[in-house]
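Per my numbering, residue 66 is the first one in the sequence shown, and the count goes up by one each step. Structure first, commentary second.
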Amino acid sequence: MEDFGNTRFFAVEAEQENGTKIILDTVYHALTEKGYNPVNQIVGYIMSGDPTYITNHQGARSLIMKVERDELVEELLEQYIRSNRWKE
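Structure representation (structure tokens):
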């Protein structure tokens, strides 16, 4: 039988960069290297779903298509909220 009389301690490890964040970083840099405005291009992709907004440079297009567009929005919003200290 389990001992339910004691409280267990659960330690959460420091959050590692998730795949979405790494992909966005790679895509951002690939777009910048090719001379595109990365914000405009990423927004165009998220809004339309058209992968031609993203360059093939460094495999950026195939990378970004591995992530659902709502996950991209979630990651971007999470980073925005953290950078504005709305959430600690």
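Note that beta-carbon positions come from the ideal geometry of N, C-alpha and C, so glycine has one too. Everything numeric in this text was worked out from a predicted model, so none of it was measured.
Problem set entry | Continuous alpha helix (DSSP H) stretch holding residue 101: start and end | Position 36 of the sequence shown holds residue 101. That residue, residue 101, is in no alpha helix (DSSP H); it is neither H nor E in DSSP.
Problem set entry | Contact under 8 Å by Cβ, residue 96 with residue 137 | Numbered from its first residue, the sequence shown carries residue 96 at position 31. Numbered from its first residue, the sequence shown carries residue 137 at position 72. The answer is no: Cβ separation not under 8 Å.
For this session: In the DSSP assignment, find the unbroken alpha helix (DSSP H) run with residue 146 in it and report its ends.
Result: Counted from its first residue, the sequence shown places residue 146 at position 81. From DSSP, the alpha helix (DSSP H) with residue 146 extends over 134-148.
Exercise. Residue 129 lies in the alpha helix (DSSP H); which residues open and close that run?
Worked result: Taking the sequence shown and counting its residues from 1, the one referred to as residue 129 is at position 64. Its alpha helix (DSSP H) spans residues 125-129.
Exercise. With a Cβ-Cβ cutoff of 8 Å, do residue 104 and residue 129 count as a contact?
Worked result: Translated into positions along the sequence shown, residue 104 becomes position 39. Translated into positions along the sequence shown, residue 129 becomes position 64. For residue 104 and residue 129, no; Cβs fall outside 8 Å.
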